[in-house]
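The structure appears right after this line, and notes come after that.
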Amino acid sequence: MNVAVALHVLAVVVWVGGMAFALFVLRPGLAALAPPQRITVLATVFARFLPLVGVAILVIVASGAAMLLALPGLRGLGWGLHVMTTVGVVMIVVYAVLWLRLNPRLQRAAAAQDWPGAAAVAESMRRGVLLNLVLGIVVIVAAIVGR
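The opening residue of the sequence shown carries number 0 in numbering that gives the first Met the number 0; numbering runs sequentially from there.
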């Protein structure tokens, strides 16, 4: 059980921490670059970060299921579990849109050197990442407070 908890928390740290870094450190730091360099860096970052988040999601789901299966019953589980599960599913859907729909558009626009098109996609991705960061914070608070 302790291993499942550790894996769960570490995977959440990768996902939520990565989003916080991207929004509050990377993005402002890229503002000093010209659009071609900024988009190239963003495309490279997302090409590496999104598959890592996919692995983190698999670990979160598997470890969460393992923790639930280890319980003798579902009695005593607080509202936080319901919030965590429901909001987590919404986060996975937002991630899927980022990974399967928006990231390919960003990669194509960057490869074609369509900087205005890539910038528009990058802005959509920023909004999706911001949404997921807020939802991730809600999940973390629910997990702690809603026990």
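Cβ atoms here follow ideal geometry from the backbone N, Cα and C, with glycine treated the same way.
Quick caveat: nothing in here was measured; it's all calculated off a predicted structure.
Within this structure, are the beta carbons of residue i and residue j separated by less than 9 Å?
{"i": "Ile143", "j": "Gly79", "result": "yes"}
{"i": "Val88", "j": "Asn131", "result": "no"}
{"i": "Arg47", "j": "Arg125", "result": "no"}
By how many angstroms is the C-alpha of residue j removed from the C-alpha of residue i?
{"i": "Ala57", "j": "Val40", "result": "The question names Ala, yet the displayed sequence has Leu at residue 57. Taking the straight line joining both Cα atoms gives about 26 Å."}
{"i": "Ala110", "j": "Met90", "result": "28 Å"}
{"i": "Asp113", "j": "Leu105", "result": "9 Å"}
{"i": "Met18", "j": "Gly77", "result": "27 Å"}
{"i": "Ala42", "j": "Leu6", "result": "28 Å"}
{"i": "His81", "j": "Leu101", "result": "29 Å"}
{"i": "Val52", "j": "Gln36", "result": "24 Å"}
{"i": "Gly116", "j": "Arg146", "result": "45 Å"}
{"i": "Met83", "j": "Gly127", "result": "19 Å"}
{"i": "Ala61", "j": "Ile139", "result": "18 Å"}
{"i": "Val44", "j": "Leu134", "result": "22 Å"}
{"i": "Val120", "j": "Ala141", "result": "31 Å"}
Answer with yes or no whether the minimum CB distance from residue i to chain D is below 9 Å.
{"i": "Glu122", "result": "Among the protein chains of the structure shown there is no chain D, as only one such chain exists."}
Please return the same chain residues whose Cβ sits closer than 7 Å to the Cβ of residue i, not counting the five positions on each side in sequence.
{"i": "Leu129", "result": "Leu22"}
{"i": "Gly63", "result": "His7"}
Determine the extent of the alpha helix (DSSP H) in which residue i is found, giving its start and end residues.
{"i": "Ala86", "result": "Looking at the sequence itself, residue 86 is Val, so the reference to Ala does not match. It spans 78 to 95 - the alpha helix (DSSP H) in which Val86 sits, taken as one unbroken run."}
{"i": "Gly116", "result": "114 to 144"}
{"i": "Phe48", "result": "34 to 69"}
{"i": "Gly16", "result": "Per DSSP, Gly16 belongs to no alpha helix (DSSP H) and is neither H nor E."}
{"i": "Gly104", "result": "Inspection of the sequence shows that residue 104 is occupied by Arg rather than by Gly. Looking at the DSSP string, the run of the alpha helix (DSSP H) that includes Arg104 is 102 to 110."}
{"i": "Leu25", "result": "First-last for Leu25: undefined, no H or E at that position."}
Enumerate in chain order the residues of its own chain whose CB-to-CB distance from residue i is below 8 Å, with the five nearest sequence positions on each side excluded.
{"i": "Ala69", "result": "Met0, Ala3"}
{"i": "Met66", "result": "Met0, Ala3, Val4, His7"}
Short of 6 Å in beta carbon distance, which residues of its chain neighbour residue i, apart from the five on each side in sequence? Order them along the chain.
{"i": "Ala10", "result": "Ala55, Val58, Ile59"}
{"i": "Glu122", "result": "none"}
{"i": "Leu49", "result": "Trp98, Asn102"}
Taking three-plus beta-carbon pairs below 8 Å as touching, is the region 91 to 98 in contact with the region 30 to 37? no
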